[in-house]
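Protein chains: 2
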Amino acid sequence: MNGVLAAVATPMRDDLAVDRHAFAQHCRRLLDAGCHGLGIFGTTGEANSLSVDERVEAIEALVADGLPADVLLPGTGACALPDAVRLSQAALALGAPGVLALPPFYYKGVSDDGLFRFFAELIERVGDDRLRLFLYHIPPQTVLGFSPELIGRLLDAYPGTIAGTKDSAGDAARIKRICTDFPQLTVFAGTEKFLLDTLRWGGDGCISATVNVTAPQAREVYDRFVAGEDAEPAQAALTATREFLDRFPAIPAMKAALRAQTGDEVWRNLRPPLDALDDTRVRELLSGL
Amino acid sequence: MNGVLAAVATPMRDDLAVDRHAFAQHCRRLLDAGCHGLGIFGTTGEANSLSVDERVEAIEALVADGLPADVLLPGTGACALPDAVRLSQAALALGAPGVLALPPFYYKGVSDDGLFRFFAELIERVGDDRLRLFLYHIPPQTVLGFSPELIGRLLDAYPGTIAGTKDSAGDAARIKRICTDFPQLTVFAGTEKFLLDTLRWGGDGCISATVNVTAPQAREVYDRFVAGEDAEPAQAALTATREFLDRFPAIPAMKAALRAQTGDEVWRNLRPPLDALDDTRVRELLSGL
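Protein chains in written order, with my numbering: chain A, 8 to 296; chain B, 8 to 296.
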């Protein structure tokens, strides 16, 4: 699992239930637009605003609707160990090649020992050699995260299972360090701004909210890098798009852009506590794009 | 619902399941020690480390085991609206007179509009006139919280339903302001340090982790205040105990104290990511108590 992955937005009906049809359609469109894989039910996917049942049912529906399970990297983050276990087992049962795991994010100021114990219990309770955990480092939402020391401890204890990381700290120096210190880890930058740098440092790609609209641009950077061609101009264009998008809150902006792109009103809806962009901001976004 | 409430610790077996027998026993002991009510499944109760099913089953078991539902203030906090709805409905069905509701705590930097919409949806989806929401303000864990403006908006929109608040910001001036601005609200301080002040400001009591061990002392302050007697010396003694306890992480310290007090090894266990106190710290705690 590497390359360009979208952190997929989740379409929701007016009653805020996941719109199964629009979800499968959006996932197929992202693959057609160049995504190697789909990071469903992460932060962008409003995963933690959905119940565990809703997440399991929606992933099952995606696969039943014909999405290939081997491109899916479902988020299985949860504060409660039994929820993380159940989500991981459901993803494995469907054939997902990996899962993206948040640290338990309710308590703040917890120790690396406590976080290690959480993941050790998770791995042992899932009890399946096929489990591939991608550590989801996103301190802007979770506050706590994965220190390099914790990543090292987890890799030493579970070398076959700890497969990768998505690093959404927004800190290029940290991504470089993780790529350097842990070459066995599949490293995804959390923003396509760092895509080319991450690849040069030995990392593997990006998983990003804005890839919902930048997929073709991001794919061009990746393909040029892999082909040994000059990827700088493509990265500069991608970075410019991303920097424009960074002026807006990511999830509402992606939904507004997808509404305009598809004409599907289902993209109007976000689960609270997230708000939709107001009309002025939507116009600003669309004229900029 | 007012007075001295313990934020009840949850006993867990070696497999980390809730120990039903020890839980009921501990709840009864807290009532015997002077608690007016029991804030089960809050932060101290490791609620967010339990699945929704586990929380619902444990509350049902408590009532089945003879705990009077009318002393229970169950935490129903969840990031996902369907989870908050289900937990609230389960608490109502059992006869709990109120529920303690966290803001949805995954996303940071969300607007008051978004939080308002979350609680409006929650109240409308629960759809039960008996619902009494206590707003659980605890920014040390959730980062976001209830601004006075948001509390005012919710009270205006749902005057019968927004019943109270537990304020765990650790800020006496804020509690005073909430008591003053919203006299119709039942206000609990999140620490017994502010118990007497809160009562003087027109508030109603405290809900606190450390009441798991300070219940008789806190009750003395409350009873003296209500009787019009001098409650200062009792508050000074209570504050001294609390300040000693504040040197330790609250949940591990409560479990260590309860293990020593009851001799029940079930209190050794915490769900990750929380760690038990090490032996040196346990000795320091117990000799101080």
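A virtual CB, placed ideally from N, CA and C, is assigned to each residue, including glycine.
V194 (chain A) to T51 (chain A) span [Cα, whole Å]: As a working note, residue 194 (chain A) is residue 187 in the first sequence. As a working note, residue 51 (chain A) is residue 44 in the first sequence. Approximately 19 Å between the Cα atoms of the pair.
Minimum C-alpha distance to A65 (chain B) - residue among B:D39, B:I47, B:G84: If you number the second sequence from 1, residue 65 (chain B) lands on position 58. That would be B:I47, whose Cα lies nearest to the Cα of A65 (chain B).
Buried/exposed call for H33 (chain A), threshold 16 Cβ in 10 Å: Locating residue 33 (chain A) in the first sequence gives position 26, counting from the first residue. Counting Cβ neighbours within 10 Å, H33 (chain A) comes out buried, since at least 16 surround it.
Short CB-CB distance (under 7 Å) between Y229 (chain A) and chain B: To locate residue 229 (chain A), count along the first sequence from 1; it is residue 222. Not one chain B Cβ lies under 7 Å of Y229 (chain A).
4-residue-minimum alpha helix (DSSP H) runs that sit fully inside the region 122 to 155 of chain A, ordered along the chain: 146 to 149
Short CB-CB distance (under 7 Å) between E128 (chain B) and chain A: Position 121 of the second sequence holds residue 128 (chain B). Interface residue, yes.
Contacts around V63 (chain A), its chain only, beta-carbon distance under 6 Å, and the 5 residues preceding and following it disregarded: To locate residue 63 (chain A), count along the first sequence from 1; it is residue 56. Same-chain partners within the cutoff: A97.
Which of helix, strand or coil DSSP assigns to L79 (chain A): Within the first sequence, residue 79 (chain A) is the residue found at index 72, counting from 1. Here L79 (chain A) sits in strand by DSSP.
Neighbour list for Y114 (chain B) in chain E, Cβ cutoff strictly below 7 Å: Of the chains in the structure shown, none is chain E; the protein chains are A and B.
Within the region 187 to 251 of chain A, ranges of the alpha helix (DSSP H) (whole runs, at least 4 residues): 202 to 207, 218 to 233
Residues bridged to I169 (chain A) (per DSSP): Locating residue 169 (chain A) in the first sequence gives position 162, counting from the first residue. According to DSSP, which records beta bridges pairwise, I169 (chain A) is partnered with A:L140.
Members of the region 83 to 99 of chain A near chain B, C-beta cut-off 7 Å: C86, A87, L88, P89, D90
Residues near D204 (chain B) by beta carbon distance below 7 Å, same chain, minus five either side: Counting from one through the second sequence, the residue named residue 204 (chain B) turns up at place 197. Closer than 7 Å at the Cβ level, and outside the excluded window around D204 (chain B), lie A179.
Assigned secondary structure, G10 (chain A) (DSSP; H/G/I helix, E/B strand, else coil): For this step, residue 10 (chain A) is matched to residue 3 along the first sequence. Looking at G10 (chain A) - three-state DSSP - the assignment turns out to be strand.
Stretch-stretch touch, CB-based, cutoff 8 Å, three pairs: the region 278 to 285 of chain A with the region 123 to 141 of chain B: yes
Proximal residues of chain A, C-beta to C-beta of G121 (chain B) below 9 Å: Taking the first residue of the second sequence as position 1, residue 121 (chain B) is located at position 114. Per Cβ cutoff of 9 Å: L277, P279, P280, L281, D282.
Sub-7 Å separation of R12 (chain B) and G44 (chain B) beta-carbons: To locate residue 12 (chain B), count along the second sequence from 1; it is residue 5. To locate residue 44 (chain B), count along the second sequence from 1; it is residue 37. Note on identity: in this sequence residue 12 (chain B) is Leu, with Arg being the wrong assignment. Yes, they are a contact pair.
Under 7 Å from the C-beta of N55 (chain A): neighbouring residues of chain B: As a position in the first sequence, residue 55 (chain A) is number 48, starting the count at 1. Those within 7 Å of N55 (chain A) in chain B are C86, A87, Y113.
C-alpha distance - C186 (chain B) paired with E250 (chain B), whole-angstrom precision: For the purposes of this step, residue 186 (chain B) is identified with residue 179 of the second sequence, where counting begins at 1. For the purposes of this step, residue 250 (chain B) is identified with residue 243 of the second sequence, where counting begins at 1. Going from the Cα of C186 (chain B) to the Cα of E250 (chain B) covers about 24 Å.
Range covered by the beta strand (DSSP E) that runs through L107 (chain A): Translated into positions along the first sequence, residue 107 (chain A) becomes position 100. From DSSP, the beta strand (DSSP E) with L107 (chain A) extends over 106 to 108.
Span separating the alpha-carbon of A87 (chain B) from that of S294 (chain B): The residue labelled residue 87 (chain B) in the question sits at position 80 within the second sequence. The residue labelled residue 294 (chain B) in the question sits at position 287 within the second sequence. Each residue's Cα considered, the two are about 42 Å apart.
Buried or exposed (CB count within 10 angstroms, at least 16 for buried), R207 (chain A): Counting from 1 along the first sequence, the entry for residue 207 (chain A) is found at position 200. So R207 (chain A) counts as exposed.
A244 (chain B) versus D188 (chain B): straight-line alpha-carbon distance, rounded: In the second sequence, counting from the first residue as 1, residue 244 (chain B) sits at position 237. In the second sequence, counting from the first residue as 1, residue 188 (chain B) sits at position 181. Their backbone Cα atoms lie some 30 Å apart in a straight line.
7 Å Cβ cutoff met for S215 (chain A) and A54 (chain A): The sequence position of residue 215 (chain A) within the first sequence is 208, counting from 1. The sequence position of residue 54 (chain A) within the first sequence is 47, counting from 1. Not in contact: S215 (chain A) and A54 (chain A) (Cβ atoms no closer than 7 Å).
Inter-residue Cα distance where the pair is K183 (chain A) and D237 (chain A): Sequence index remark: in the first sequence, residue 183 (chain A) carries index 176 (1-based). Sequence index remark: in the first sequence, residue 237 (chain A) carries index 230 (1-based). Roughly 21 Å between the two C-alpha positions.
Proximity test, Cβ basis, 7 Å: F5 (chain A) and chain B: Lying outside 8 to 296, the shown extent of chain A, residue 5 (chain A) is not represented and no answer is given.
Beta-carbon proximity of G73 (chain A) to G49 (chain A), cut-off 7 Å: By one-based count along the first sequence, residue 73 (chain A) stands at place 66. By one-based count along the first sequence, residue 49 (chain A) stands at place 42. No.
Length of the line joining the Cα atoms of V150 (chain B) and A257 (chain A): Residue mapping note: residue 150 (chain B) aligns to position 143 of the second sequence, counting from 1. Residue mapping note: residue 257 (chain A) aligns to position 250 of the first sequence, counting from 1. Using only the alpha carbons, I get a separation of about 20 Å.
Nonlocal neighbours in the same chain, by C-beta distance under 7 Å from L138 (chain A), ignoring five residues either side: Start at 1 with the first residue of the first sequence, and residue 138 (chain A) comes out as number 131. Taken in chain order, the residues that qualify are S95, L99, I130, T168.
Contact list for E301 (chain A) against chain B, beta-carbon separation under 9 Å: Given a span of 8 to 296 for chain A in the structure shown, any question on residue 301 (chain A) remains unanswerable.
Interface residues of chain B facing S118 (chain A) [CB-CB closer than 8 Å]: Stepping through the first sequence from its first residue, residue 118 (chain A) is reached at position 111. In chain order: P280, D282.
Inter-stretch contact at 8 Å, needing at least 3 Cβ pairs: the region 170 to 177 of chain A / the region 217 to 232 of chain A: no
Closer than 8 Å at the beta carbon, the chain B residues around F125 (chain A): Translated into the one-based positions of the first sequence, residue 125 (chain A) becomes position 118. By Cβ distance, chain B contributes P279, P280.
Spatial distance of G116 (chain B) from F112 (chain A) (CA atoms): For the purposes of this step, residue 116 (chain B) is taken as the residue at position 109 of the second sequence. For the purposes of this step, residue 112 (chain A) is taken as the residue at position 105 of the first sequence. Each residue's alpha carbon lies about 15 Å from the other.
Helix, strand or coil at G46 (chain A) [DSSP, three-state]: Here the question's residue 46 (chain A) lines up with position 39 in the first sequence. Correct three-state label for G46 (chain A): strand.
Rounded straight-line distance, which links the Cα of R35 (chain A) to that of D60 (chain A): Residue mapping note: residue 60 (chain A) aligns to position 53 of the first sequence, counting from 1. Residue mapping note: residue 35 (chain A) aligns to position 28 of the first sequence, counting from 1. Roughly 23 Å between the two C-alpha positions.
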